[in-house]
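Those letters in the sequence shown? Residues 67 to 433, per our numbering, in order. Just so it is clear, CB atoms sit at the ideal spot from N, CA and C, and this is done for glycine as well. The structure appears right after this line, and notes come after that.
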Amino acid sequence: MLIDAFMKFACAWLLSLTMGCAGQLSAFDSSDDGGSGRRDGSALKADGGLKTDGIESVADNAAGGDLGSNADAATAPPSGMMLIAAGAFTMGDQNGDSTATDGEQPTHSVSVGTFFLEENLVSYTLWKQVYQWATAHGYKFSHAGNAPGPDHPVSAVSWFDAVKWCNARAEMEGLAPVYFTDTGHTQIYRTGEVAIDASNLNWGASGYRLPTEAEWEKAARGGAAGQRFPLGDTISLKQAQYSTKPSHASYDLQKDDGVPCASNSAETSCETVTASGSAPVGSFAPNGYGLRDMAGNLLEWIWDRYSATYYASSPASDPQGPETGGLRTVRGGGWMDHADALRCAARDHRGPALFGADVGFRCARSN
Numbered sequence: 067m068l069i070d071a072f073m074k075f076a077c078a079w080l081l082s083l084t085m086g087c088a089g090q091l092s093a094f095d096s097s098d099d100g101g102s103g104r105r106d107g108s109a110l111k112a113d114g115g116l117k118t119d120g121i122e123s124v125a126d127n128a129a130g131g132d133l134g135s136n137a138d139a140a141t142a143p144p145s146g147m148m149l150i151a152a153g154a155f156t157m158g159d160q161n162g163d164s165t166a167t168d169g170e171q172p173t174h175s176v177s178v179g180t181f182f183l184e185e186n187l188v189s190y191t192l193w194k195q196v197y198q199w200a201t202a203h204g205y206k207f208s209h210a211g212n213a214p215g216p217d218h219p220v221s222a223v224s225w226f227d228a229v230k231w232c233n234a235r236a237e238m239e240g241l242a243p244v245y246f247t248d249t250g251h252t253q254i255y256r257t258g259e260v261a262i263d264a265s266n267l268n269w270g271a272s273g274y275r276l277p278t279e280a281e282w283e284k285a286a287r288g289g290a291a292g293q294r295f296p297l298g299d300t301i302s303l304k305q306a307q308y309s310t311k312p313s314h315a316s317y318d319l320q321k322d323d324g325v326p327c328a329s330n331s332a333e334t335s336c337e338t339v340t341a342s343g344s345a346p347v348g349s350f351a352p353n354g355y356g357l358r359d360m361a362g363n364l365l366e367w368i369w370d371r372y373s374a375t376y377y378a379s380s381p382a383s384d385p386q387g388p389e390t391g392g393l394r395t396v397r398g399g400g401w402m403d404h405a406d407a408l409r410c411a412a413r414d415h416r417g418p419a420l421f422g423a424d425v426g427f428r429c430a431r432s433n
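As structure tokens, this is what we get:
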């Protein structure tokens, strides 16, 4: 017995250093969680994956990976999310498409830390699932959300609704919420329309949140420097859900043959196209980070307050937006917008209590 106890202790110590002694430990601990052999007490998901803190095991990571490799499971993306590695990028209009009043200048180098961002916009199905749980657990929303179908992104939700929903999703999944109504982070934001600021956030919490504007633009660019759109310097209706017109910019290729609409105004295939609504999530190809609909479909609520002059004084590392202001930023352009609004650098804004059929959101999580 003494030898067994010593061996168990020794193997556990070695495991923390080398991932060794797995066979001995599985024999000692096969009963720790109903025979799964997992020492951390974590449960198995219905599909067989390991459910830990909402983080998928390396084996479940869409990017692949070997549990015996040097990959760190703590950085494996949660299910449905993509890892955006820390690093610097140039933020703002690098293509000469904007004016000084558009808020896209000056261009500036920004560094952001590692974070996770959802591959898709929040679908109506997921919204309703969390919404129903939330309203039964003390949450109150101003709007119930809407969509043309269950696989479309949810729209008609305010910024306040999106923030509270992120908290509800975190609590439903057993994660730590991010948003609080007090700076001591003891009162979880669940009701009302509260003008919270950065001091009300627990940025290191494991739960869901809206991305910052810098995080969003870095993610939208997909690792490519200076390109106009998430998939390149031009865009077409094969790449995004948006509205177009013959006289629009030359980078709007609407035509299947790739000839700019501005050069083909007499052709019926280049007449004005007004989208009738959103497209189902995941309808278009992903960018370099594996993210979809970063241009078009729905505008996306962002954490940051909006200021057209913010870039002139924005911090160089992990900016969180202006400290004051009544507007919140939206990014990405929507199905009602023309191609210029779908550019990676394009900025727009809404009042946080407003809602519309062209605005939705996607969730981020801190690493």
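Measure the Cβ-Cβ separation of residue i and residue j and say whether it is below 9 Å.
i	j	result
Trp401	Asn363	yes
Ala405	Ala285	no
Phe246	Leu267	yes
Gly391	Ser373	yes
Thr310	Val339	yes
Ser208	Ala236	no
Ser432	Phe181	yes
Ser221	Gly348	no
Leu276	Ala419	no
Lys411	Asp159	In the sequence under discussion, the amino acid at residue 411 is Ala, which differs from the Lys named in the question. Yes, the pair counts as a contact, with Cβ atoms nearer than the cut-off.
Val178	Thr257	no
Tyr377	Pro243	no
Val176	Ala361	no
Would DSSP call residue i helix, strand or coil?
i	result
Ser145	coil
Phe226	helix
Asn32	The structure shown does not extend to residue 32, since the chain is modelled only from 67 to 433, so the question has no answer here.
Tyr355	coil
Asp248	coil
Met360	coil
Trp401	coil
Val196	helix
Tyr317	coil
Arg235	helix
Thr180	coil
Tyr274	strand
Ser189	strand
Arg431	strand
Thr201	helix
Note down the Cα distance separating residue i from residue j, rounded to an integer number of angstroms.
i	j	result
Pro385	Gly250	21 Å
Gly47	Leu149	This structure cannot settle anything about residue 47, because the visible part of the chain is limited to 67 through 433.
Tyr255	Pro219	24 Å
Pro214	Trp367	19 Å
Gly292	Asp403	22 Å
Gln195	Leu187	15 Å
Ala200	Ala234	6 Å
Thr395	Ser224	12 Å
Arg409	Asn161	10 Å
Pro346	Arg397	19 Å
Ala151	Glu281	10 Å
Gly288	Ala351	12 Å
Glu184	Gly146	6 Å
Tyr274	Cys232	5 Å
Taking all protein chains shown into account, decide if residue i is buried (16 or more other Cβ within 10 angstroms of its Cβ) or exposed.
i	result
Asp414	buried
Asn206	Residue 206 is actually Lys in this sequence, not Asn. Exposed, by the Cβ-count rule.
Gln253	exposed
Ser189	buried
Ser344	buried
Ser302	buried
Arg416	buried
Glu389	exposed
Gln307	buried
Gln305	buried
Original post:
Can you find at least 3 beta carbon pairs, one from the region 254-266 and one from the region 157-169, that sit closer than 8 Å?
Top reply: Counting Cβ pairs under 8 Å, fewer than three are found: no touch.
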